[in-house]
Amino acid sequence: MTGRESAKSGQKPLLSLRNINMTFGGVRALKDVSFDVLPGEVHCLAGENGSGKSTLIKIITGVYRPQDGAVIEFDGQTYSHMSPVTAQNSGIQVIWQDLALFPEMTVAENIAFQTLLGRWPRFVNYNAMREKAVKALARLDVTLDVDRPLKDYAIAQRQIVAIARALVGEAKLVFMDEPTASLTQSETDHLLDIVRTLSASGVAVVFVSHRLAEVLEISSRLTVLRDGALVGAYSTEGMTQSRITELMTGKTFDQTVRARNVNANPVVLEVEALSRPGQFEDISFAVRRGETLGITGLLGAGRTELALSLFGMLKPRSGTVKLEGKPVHFSSNRDAIAAGIAYLSEDRLSLGLIQPQSIADNLVISSLDKIISGGLLSDSRKRDLVAQWIADLGVKIGLQTDAISTLSGGNQQRIAIAKWLATDPKLLILDAPTVGVDVGARAGIFDIVAKLAETGLAIILISDEVPEVYFNADRVLHMAKGRVVDQFLPAACSLAEIEAAVYA
Amino acid sequence: MRKAVQSHATEFALIAVIAVISLFLSFATDRFFSLGNAFDLLNTSSVNIIFAVGLLVVLIAGGIDISFAVAASVVQYVAALMLGWMGGGGWISGLLIAGALGVLLGAVNAFLIHKFRIISIVATIATFNIYFGLLMFFTRGVSIYNLPDWLTSRVILFEHEMADGSWIEITLPVLVMLICVVATWVFITRTTTGRQLYAFGDNPEGARRFGINIGAMQFIAFGWLGLMAGIGGLIQAHYAQEVVPNALYGRELDVLAAVVLGGARLGGGKGSVLGCVLGVLLISITQNGLNLAGVSPYAFKMIVGAIILVAITLSNTSIEKLLPFMRHEEGRK
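Listed below in structure tokens is the structure:
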């Protein structure tokens, strides 16, 4: 990557944007942004949520029209704005985060979808579609049964189908919006290989990802946006994750290990030889009052299944769970909540919060019994409870009655945590609490976690990002293939040691 | 073969249920298992199949339509009046008028849904009431019996006397039904527009990002159903030899149940013409068999409801769970 950068510095850009301005309802989403992509390079577009990344992508792909004065040069042509059709015809393809695929249709139809477009109806040539699909997949070195419906394949393969589709469109420039967000480590590695293959064949790739390690691994250059303005374009050579975070947020974050010694505290949860064959086996550990226990491991290590078993949503086959010394058997999560266990789900957006409902309603949903007055729900009690939690956790909101979807990822996560704290739990299980939360807001979430631990709450923090558990947990368990394979004390080991073990 | 069973699980489940019911009925009654009865079934089911393939297209595009059956009634009535003014007309002008009126009424639905962003079930419940209300208001519920001769005289395309003295007949409704079925099949599986409809129903946002014209999709889907409703309406008038304003009232739910039974998904992107035809046939066969078996017509609805539940459950349960040898196949892969 080092050599490539210097070789390319004199090249004429494939895409060059100047004077890009965009306003939505009086709010300036982009201010005078410039952006260059060189032919065949892997370029990362970085920035927090709301920094203008998606707006910029939508301008380049013709979904939005920038304000007058914009100059878009692509492949030798100059435009004042793009349209989706010109963008596609000139070789710009986007792989959206939600992939925009058609699960009920076959793999071939998804890949060669463009042959189905056009204003006037024509007869479909299925053989030609199949051929195109097989050829595109071959370029990526992947074999799939192109006649099967796409829904038969998992998300990682669908991602590949989306990339193959971009290739059918004779792409010169491919945008990938958070392509690895739902992939496991080995799937991510495979995807990064595919990106390298693309780049080597002369296709430029613009990569948008929250995972900075990946960004550094794959891209040769980096453009950073903050609050709709360009911070700068950099070579990734010599760049570090903390430097990128600084550029994105404009703040510096000192990460220090927060681990404390809590061995004198009484045990809250004790798990012994817990097994659920195929998902996790022979798990034993204990969590004390005021302790934050980190559990890390790759996707598919059985972390979430273990958490769901502790929360009564899955039934373990064997083993015992003791809560404050007493054995417990939960037949549903209602039992677990009543016993004092709270679980903040991994998939906050679809499972943890009810997006169209108000902030207040979301917050009280698990503790409705606390706001009953005279047998009916009391609005004033609800208001008081919500106001108290919002103040305690420092959530920035407009009105309590605003829809939860109006809040940023970080603030939504705080409400989700408050929702569970309102149930007065003894044990709080946080499953991937920073997914979809900006780098800047993550620190705030962990400040809350630390404060809660101070008050004596026992916390299990599950994350596949090793630094999160290293810096924020008192003790870290490493799970792999359904078993706890190792235990680390952040106070007595380095981040690199744990990372080496987990990513080995 | 196993691959075919897997990818067409609904169709195979329906064929299995139809086979079981037919077997039962052929023992329970002496008339059910005869060619004559089979052709009777085809003749009586034609109108519902025409409606069903039309509705299938709307379901595939992610919509639903409650209004098509009363729209067909409106078409019957208006077409009968127009043909009267024209001094009779014939099959060609009749089908053209009925088809055009049907497309127009379908387009009203598409317009409401696309222009005002009303979800299709609400929009079509509204037009269902409007169409039916207008029809009853202007006709005062009066039926038309003096239809042109060409419309009321039976057209027998093929007839043959069987050894036992019964007749098998193929009548015009069957031919029209077959044309509608084949046309719909070609349209949704073999044309780019048809595949765009599937894509639109499967993932509307994805389709929009490809520049598929969303408004056109709505007009095409509801227009196709309108066309089928118009044609079906005229054929029903031909079959019944009269136009009764409320004759088709309530038919929409029977047809909807049959189409969903045939594997179409409420929500879009899924459904096949074969499944849809089998769905209608299953319900017709059941009713016909019960009729022959002398079961009280009042019990029909109840039994048909139960069969819909059984068939839907069968086709939703993965076929591997029902057939152990299929599970083996999966495991080997």
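Protein chains in written order, with the working numbering: chain A, 1 to 504; chain B, 1001 to 1333. The beta carbon of each residue, even a glycine, is placed where N, CA and C say it ideally should be.
According to the DSSP assignment, A:D177 belongs to the beta strand (DSSP E) that extends over L173 to D177. Three or more Cβ pairs closer than 8 Å define a contact, and the region 120–137 of chain A falls short of that threshold against the region 230–244 of chain A.
Look at B:H1160 here: in three-state DSSP terms it is strand. One Cα belongs to B:N1043, the other to B:S1166, and the distance between them is close to 15 Å.
Counting along the chain, the unbroken alpha helix (DSSP H) around B:G1084 starts and ends at F1068 to M1086. Burial is judged here by how many other beta carbons sit within 10 angstroms of a residue's own beta carbon; A:H329 has fewer than 16 and is exposed. Taking 8 Å as the CB threshold, B:I1212 lines the interface with chain A. For A:V437, the nearest beta carbon of chain B is not closer than 8 Å to its own beta carbon. In the structure shown, A:V262 adopts coil according to DSSP, grouped into three states. The beta carbons of A:A336 and A:G312 sit closer together than 8 Å. A check of alpha carbon separations from A:L452 across A:D392, A:A492 and A:R475 identifies A:D392 as the nearest. A Cβ-Cβ separation of about 7 Å places A:N49 in contact with A:S408 under the 8 Å criterion. Not flagged as an interface residue toward chain B: A:G169, since no C-beta distance is shorter than 8 Å. For A:G398, the CB contacts under 8 Å within the same chain, skipping 5 residues up- and downstream, are T406 in chain order. Leaving aside the five residues that flank B:I1212 on each side, the residues in its chain whose CB is nearer than 8 Å to its CB run, in chain order, Q1196, A1199 and F1200.
Nearest C-alpha to B:G1232 among B:V1295, B:V1181 and B:R1265: B:V1181. Around the beta carbon of B:D1065, 16 or more other beta carbons sit within 10 angstroms, so the residue counts as buried.
The region 486–498 of chain A makes contact with the region 459–475 of chain A, as at least three CB pairs between them are under 8 Å.
Assignment of A:T320 by DSSP, reduced to helix, strand and coil, places it in the strand class. Looking at the DSSP output, A:K451 shares a beta bridge with no other residue. The beta-carbon of B:G1269 is placed less than 8 Å from the nearest beta-carbon of chain A. Here B:F1116 carries a coil assignment [DSSP, helix/strand/coil]. Distance from A:F35 to A:L56 at the Cβ level is roughly 7 Å; contact confirmed, criterion being Cβ atoms closer than 8 Å. At a cut-off of 8 Å between beta-carbon atoms, A:L117 makes contact with chain B.
Comparing alpha-carbon positions, the option among B:N1291, B:L1104, B:H1114 and B:I1156 lying closest to B:Y1131 turns out to be B:L1104. Of all residues in the region 1004–1030 of chain B, only S1007 place a beta-carbon less than 8 Å from a beta-carbon of chain A. With respect to the C-alpha of A:R226, the residue from A:P467, A:L376 and A:G440 having the closest C-alpha is A:G440.
Among the CB atoms of chain B, one or more fall inside 8 Å of the CB of A:L101. Only exposed fits A:P327, as fewer than 16 other CB atoms lie within 10 angstroms of its CB. Nearest CB-CB separation between A:E41 and chain B: not below the 8 Å threshold. When Cβ-Cβ separations below 8 Å define contact, B:A1183 makes no contact with chain A.
A:I218 counts as buried, since no fewer than 16 other beta carbons sit within 10 angstroms of its beta carbon. Taking 9 Å as the cut-off between beta carbons, the residues of the region 118–129 of chain A near chain B are G118, R119, W120, P121, R122, F123, V124 and Y126, in sequence order. Between the C-alpha atoms of B:H1114 and B:T1171 there is a straight-line separation of about 39 Å. Membership of A:H81 in any alpha helix (DSSP H) is not indicated, and neither H nor E is assigned to it by DSSP. In this structure, A:L30 is the residue among A:D464, A:L30, A:T434 and A:L377 with its C-alpha nearest to the C-alpha of A:V231.
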